[in-house]
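Trainee:
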Amino acid sequence: MPVLPRHLRYSDPRVKAKLMAAPRRSEAFVDKFFEEAHLVVKWELGERVWRAAGNGFSELRSCGGGGTKKQNHGESWRTF
0 MPVLPRHLRY
10 SDPRVKAKLM
20 AAPRRSEAFV
30 DKFFEEAHLV
40 VKWELGERVW
50 RAAGNGFSEL
60 RSCGGGGTKK
70 QNHGESWRTF
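Sequential numbering from 0 applies to the sequence shown in numbering that gives the first Met the number 0.
1) Which residues bound the beta strand (DSSP E) around S57?
2) How about the stretch 53-63 and the stretch 28-41: do they share at least three Cβ pairs that are nearer than 8 angstroms?
3) For the stretch 22-30 against the stretch 42-57, are there 3 or more C-beta pairs whose distance is under 8 angstroms?
4) Note the first and the last residue of the continuous alpha helix (DSSP H) segment covering L38.
5) Just grab the DSSP bridge partners of R23 for me.
Laid out in structure tokens, this is it:
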């Protein structure tokens with residue numbers, strides 16, 4: 000796996016896919032946003048990253064977050 004510069008911020012591919020799926024968001028628009036925000040999609044994530052994401056999601060759920068839109072009083076946020 001290539002080593003990426005530390006000054007960049009990294010994103011999961013699902014984030015980019017969700018942004019592209021939003022109304023009036025073309026692939027070119029999302030690409031430009033990622034470039035201007037210095038975001039890089041890390042297309043391959045290792046086991047350690049997925050375990051951390053799972054643990055973080057578990058902690059969020061135990062605090063009452065990460066539910067459905069209705070449960071979060073209108074805030075839509077889902078990881079998985």
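Where a beta carbon is used, it is the ideal one built from N, C-alpha and C, also for glycine. These numbers were taken from a predicted model, which means no experiment stands behind them.
Mentor: The relevant details are as follows:
1) S57 -> not in any beta strand (DSSP E); alpha helix (DSSP H) instead, spanning E46 to S61.
2) no
3) no
4) Careful: L38 lies outside any alpha helix (DSSP H), inside the beta strand (DSSP E) at L38 to V40.
5) DSSP lists no partner for R23.
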